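Asker:
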Amino acid sequence: MERYDDKGSVCVTGGTGYVASWLIKKLLEHGYTVRTTIRSSNHPDSKKDLSYLTNLPCASEKLQIFNADLDLPESFDEAIQGCIGVFHVAHPVDYGEKEPEEVKIQRAINGTLGILKACLDSKTVKRVVYTSSASTIMFNDKGLDVLDENHWSDIDNIRSVKIYGVSYMTSKTLTENAALEFAEKHGLDLVTVIPTVANGPFICPRVPSSVNFSMAMIFDTC
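Counting along the sequence shown from 1, when you hit position 21 you're at 20 in numbering that gives the first Met the number 0, and nothing is skipped either side.
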């Protein structure tokens with residue numbers, strides 16, 4: 000593996016997830032010191048075996064793990080302080096709809112805006128990359144074949160389709176909108192990435208829900 004000189008510190012939120020764990024791996028390979036966040040110490044996720052992260056090449060020297068939770072936006076401050084970039088991947092996921100939609104939406108928005116504020120306060124973060132979702136642009140009644148950054152999903156349209164994960168798609172749409180408004184107001188360099196269904200190899204120990212969903216589509220078991 001090609002090694003690179005140290006390129007500075009970056010933060011990846013939601014480090015135990017499918018996308019975030021790959022980000023951590025690739026950032027380490029490219030010479031960055033990575034600070035990642037996992038749920039606070041009183042959450043069951045914090046008790047997970049993290050060896051799939053701590054055993055990554057260069058992790059012993061360049062990976063730091065912090066406890067933080069979207070319910071406590073200020074808990075991300077320490078992990079972000081001194082970083083040159085932040086990859087905000089963490090987002091509440093509750094496909095079982097165990098909590099009211101409004102609770103999940105406010106957690107996502109407040110947590111994200113708190114993270115963006117920490118980036119501003121750090122005086123060192125040059126760019127933030129926010130992992131959004133294709134669901135933020137694809138749900139409307141306009142019948143468009145081509146969509147770009149000027150298009151947004153209509154919240155009423157999302158709720159009307161009655162499909163799996165409605166609250167997740169609604170919260171993603173409203174959170175990205177709030178993040179972009181905050182960034183424009185405060186002059187923060189924010190880039191949003193809008194992936195469709197993430198699938199392929201994974202390094203986390205549990206099969207990611209998006210991979211299960213992809214396989215269900217392939218085998219027509221949705």
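All C-beta atoms in this analysis are idealised placements derived from N, C-alpha and C, irrespective of residue type, glycine included. Predicted model only: the values in this text are computed from it and were never measured.
If you count every other CB in all the chains shown that lies within 10 Å of the CB of Gly-13, and 16 or more means buried, which is it?
Answerer: Buried, by the Cβ-count rule.
Asker: For His-87, which three-state DSSP category applies?
Answerer: Correct three-state label for His-87: strand.
Asker: Should Thr-191 and Ser-131 be called a contact, given that it needs their Cβ atoms to be closer than 7 Å?
Answerer: In this structure, Ser-131 lies closer than 7 Å to Thr-191 by Cβ.
Asker: If we call anything under 7 Å between Cβ atoms a contact, is Val-266 one with Phe-86?
Answerer: The structure shown does not extend to residue 266, since the chain is modelled only from 0 to 221, so the question has no answer here.
Asker: Rounded to whole angstroms, what is the Cα-Cα separation between Lys-161 and Lys-122?
Answerer: Going from the Cα of Lys-161 to the Cα of Lys-122 covers about 43 Å.
Asker: Which runs of the beta strand (DSSP E) at least 3 residues long sit entirely within the segment 55-85? Give them in chain order.
Answerer: Entirely contained in the segment 55-85, the beta strand (DSSP E) runs reaching 3 residues are, in chain order, 62-66.
Asker: When the Cα atoms are used, what is the spatial distance from Phe-201 to Glu-183?
Answerer: Taking the straight line joining both Cα atoms gives about 35 Å.
Asker: Whose C-beta lies closer than 6 Å to the C-beta of Phe-138 among residues of the same chain, with five residues either side of it excluded?
Answerer: If we look at Phe-138 and ignore the five residues flanking it on each side, its Cβ neighbours are Ser-152, Asn-156, Ile-157.
Asker: Opposite Tyr-129 in the DSSP bridges: which residues?
Answerer: Beta-bridge pairing links Tyr-129 to His-87, Thr-191.
Asker: Which word fits His-90, buried or exposed, when buried means at least 16 other C-beta atoms lie within 10 angstroms of its C-beta?
Answerer: So His-90 ends up on the buried side.
Asker: Hey, out of Arg-126, Leu-115, Ser-134, whose CA is closest to Ser-166's CA?
Answerer: Of the listed residues, the one whose Cα sits closest to Ser-166 is Ser-134.
Asker: Under the DSSP definition of a beta bridge, which residues are partnered with Arg-34?
Answerer: Arg-34 is bridged to Cys-10, Gln-63.
Asker: The alpha helix (DSSP H) spanning Thr-111 covers which residue range?
Answerer: It spans 100-121 - the alpha helix (DSSP H) in which Thr-111 sits, taken as one unbroken run.
Asker: Alpha helix (DSSP H) containing Lys-25: first to last residue?
Answerer: That run of the alpha helix (DSSP H) goes 17-28.
Asker: Which same chain residues, not among the five before or five after Gly-113, have their C-beta less than 7 Å away from its C-beta?
Answerer: Answer for Gly-113: Pro-72, Glu-73, Phe-75, listed in chain order.
Asker: Looking at Arg-34: is its Cβ nearer than 7 Å to the Cβ of Cys-10?
Answerer: Closer than 7 Å, so yes.
Asker: If you draw a straight line from the alpha carbon of Val-145 to that of Gly-30, how long is it in whole angstroms?
Answerer: Approximately 37 Å, taken between the alpha carbons.
Asker: Between the Cα of Lys-6 and those of Gly-142, Cys-82, Ala-78, Thr-174, spot the shortest distance and give me the residue it belongs to.
Answerer: Out of Gly-142, Cys-82, Ala-78, Thr-174, Cys-82 has the C-alpha closest to the C-alpha of Lys-6.
Asker: Can you tell me whether Asp-68 is buried or exposed, with buried defined as 16 or more other CB within 10 angstroms of its CB?
Answerer: When all chains shown are included, Asp-68 counts as buried.
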